[in-house]
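Peer 1: Here's a structure for you.
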Amino acid sequence: MGTLGCINDMLQRDKENRELRKLNRDRMKEHHKYLVGKGKNADLSNVSIEKIEEIRKKTIEKEQSDQIYMFRITTVPFKLAHTE
């Protein structure tokens, strides 16, 4: 393929990627609207304070667990790379 063919191929891929980005942007907007509207109809009046506190506590525990996990994932390969 000559230079002109490579340039035409590149231009065609750029055009396709532009169209794909527009489609992805539209899908993300729709998904965002879905997520924002997801909790609007939730009736939380029948949830007790104890239940809310329990959910909050479990959420904090999960976040801490995830942080520890991510720390281990990032440090173990680093340690392995420097022990050899």
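Going by the working numbering, the first residue of the sequence shown is number 367, and it counts up by one from there. From the three backbone atoms N, C-alpha and C, an ideal C-beta is built for every residue, glycine too. As the structure is a computational prediction, the values presented were derived from the model and not from experiment.
1) Could you give the first and the last residue of the continuous alpha helix (DSSP H) run that contains Asp375?
2) When you compare only the Cα positions, how much space is there between Ile421 and Ile373?
3) Let me know the secondary structure DSSP gives Asp409 once reduced to three states.
Peer 2: Looking at the coordinates:
1) Locating residue 375 in the sequence shown gives position 9, counting from the first residue. Run containing Asp375: Thr369 to Lys404, per the alpha helix (DSSP H) assignment.
2) The count along the sequence shown starts at 1 and reaches residue 421 at position 55. The count along the sequence shown starts at 1 and reaches residue 373 at position 7. Each residue's Cα considered, the two are about 57 Å apart.
3) The residue labelled residue 409 in the question sits at position 43 within the sequence shown. It is coil, neither helix nor strand.
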